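**Student:**
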Amino acid sequence: MLRRFLSHSNLKSLHTALSPSRPRFAAPLLTRHVTAQSGASSVRKRVEDVVPIATGHEREEIQASLEGRDILEINHPEGPFGTKEAPAIVKSYFDRRIVGCPGGEGEDEHDVVWFWLENGKPHECPVCSQYFEVSWKLHLESADIIVTYHDIFGLRCQDT
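If you count the sequence shown from 1, position 152 lands on 154 in the working numbering, and the numbers rise without skipping.
Next comes the structure, spelled out in structure tokens:
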């Protein structure tokens, strides 16, 4: 609007006399100042801050981590290569579980092969011949009990 006013008025000569050789851009009338906190200065939540509001499985995980236990160790088993005499033991909360075999290390490694592993039935990987066996582990109120299929109906349990 100012340009239109200047172009149609007698002040055009004054405008050209005051303007530098480069065109100048007008600044906005209202300016905003935006600031952000850096990551180092921001307040970080600690585990103790989350415990009062955590529920369910998340609360169990947090309490176990505060006690130094890993209740999710069951989800990423590691161990030696399983043989027929000493199969790789995979823990499970159920009597069967899907297991992925990545093979051995180095040259023996292969693409992950997925299969069902059932309690009491050792399974051999069809690619690398590694043997797996499931250990059916039942978690009841902080007490770990190994239970077999037959023990449930006979109500026999073995403490770990």
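Even glycine gets a Cβ: it sits at the ideal position worked out from N, Cα and C. Small disclaimer: the values here were computed from a predicted structure and weren't measured.
Of the choices 68, 130, 127 and 95, whose alpha-carbon is the least far from that of residue 137?
**Tutor:** Answer by Cα proximity: 95.
**Student:** Taking its Cβ as the centre, do 16 or more other Cβ atoms sit within 10 Å of residue 89, making it buried, or is it exposed?
**Tutor:** buried
**Student:** How about residue 121: is its C-beta nearer than 8 Å to some C-beta of chain C?
**Tutor:** Of the protein chains in this structure there is only one, and it is not chain C.
**Student:** Tell me the DSSP secondary structure of residue 158 in three-state form.
**Tutor:** Any reading at residue 158 needs caution, since the residue's pLDDT is 46, under 50, leaving its predicted position unreliable; the model's value is listed next. In the structure shown, residue 158 sits in coil (DSSP, three-state: anything other than H, G, I, E or B).
**Student:** Alpha carbon to alpha carbon, what distance is there between residue 98 and residue 121?
**Tutor:** Our two residues, residue 121 and residue 98, have alpha carbons roughly 6 Å apart in a direct line.
**Student:** Would residue 66 pass as a contact of residue 73 if the rule is Cβ separation under 8 Å?
**Tutor:** yes
**Student:** Report yes if the CB atom of residue 119 is closer than 8 Å to the CB atom of residue 112, and no otherwise.
**Tutor:** no
**Student:** Run through the DSSP bridge pairs and tell me what residue 90 is partnered with.
**Tutor:** 134
**Student:** Just reading off the alpha helix (DSSP H) that residue 59 is part of, what are its end residues?
**Tutor:** Segment 58-69, the alpha helix (DSSP H) holding residue 59.
**Student:** Exposed or buried, which one is residue 52 when buried takes at least 16 other CB atoms within 10 Å?
**Tutor:** exposed
**Student:** Just mark residue 84 as buried or exposed, buried being the case when its beta carbon has 16 or more other beta carbons within 10 Å.
**Tutor:** By the neighbour-count rule (16 or more Cβ atoms within 10 Å), residue 84 is buried.
**Student:** Buried or exposed: which applies to residue 100, given that a residue is buried once 16 or more other Cβ atoms fall within 10 Å of its Cβ?
**Tutor:** exposed
**Student:** Under 8 Å, do residue 102 and residue 130 count as touching if we go by C-beta distance?
**Tutor:** Cβ distance not < 8 Å, so residue 102 and residue 130 don't count as in contact.
**Student:** Pick helix, strand or coil for residue 84, following the three-state DSSP scheme.
**Tutor:** Coil.
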